[in-house]
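>
Residue numbers (this note's numbering): 1054 to 1148.
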């Protein structure tokens, strides 16, 4: 398993190099992409880039958990989370 994490700065530099665009332009596009995805998912919409990745909001049920320090039971309220699903092209690229 790879132990290297690519930072946003490295991703921006890589995309800028591959496309010939400035790093500022690429950074602006990535910021707009992430803002658009988060706004849409927060409103309950599913965002899908076919073959690559999909983001959607899912509800979690209320449940009982345990405090790991004391072992006491705690009530965890219902909530929402983001489900991220890899598409077929991304899965194939990883193989």
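Yeah, the Cβ is synthetic: ideal placement off N, Cα and C, and Gly gets one too.
No experiment lies behind these values; they were computed from the predicted model shown.
Once you ignore the five residues that flank residue 1116 on each side, which residues in its own chain have a CB closer than 6 Å to its CB?
Hits under 6 Å: 1129.
> Using only the alpha-carbon positions, how far apart do residue 1089 and residue 1110 sit?
Their backbone Cα atoms lie some 14 Å apart in a straight line.
> State the DSSP-derived secondary structure class of residue 1144, mapped to helix, strand or coil.
Residue 1144 falls in the helix class under three-state DSSP.
> Are there 16 or more other CB atoms within 10 angstroms of the CB of residue 1079, so buried, or fewer, so exposed?
Buried is the call here.
> Which residues bound the alpha helix (DSSP H) around residue 1070?
Segment 1061-1072, the alpha helix (DSSP H) holding residue 1070.
> For residue 1101, list the residues DSSP reports as bridge partners.
The partner list for residue 1101 (beta bridge, DSSP) reads 1107.
> Do residue 1073 and residue 1104 come within 7 Å of each other at the CB atom, strictly closer than that value?
No, these two residues do not count as a Cβ contact at 7 Å.
> Please say whether residue 1069 and residue 1076 have beta carbons closer to each other than 7 Å?
Contact flag set, yes.
> DSSP on residue 1118, reduced to helix/strand/coil?
Of the three classes helix, strand and coil, the one that applies to residue 1118 here is strand, per DSSP.
> Please report the distance separating the alpha-carbon of residue 1126 from that of residue 1120.
Taking the straight line joining both Cα atoms gives about 6 Å.
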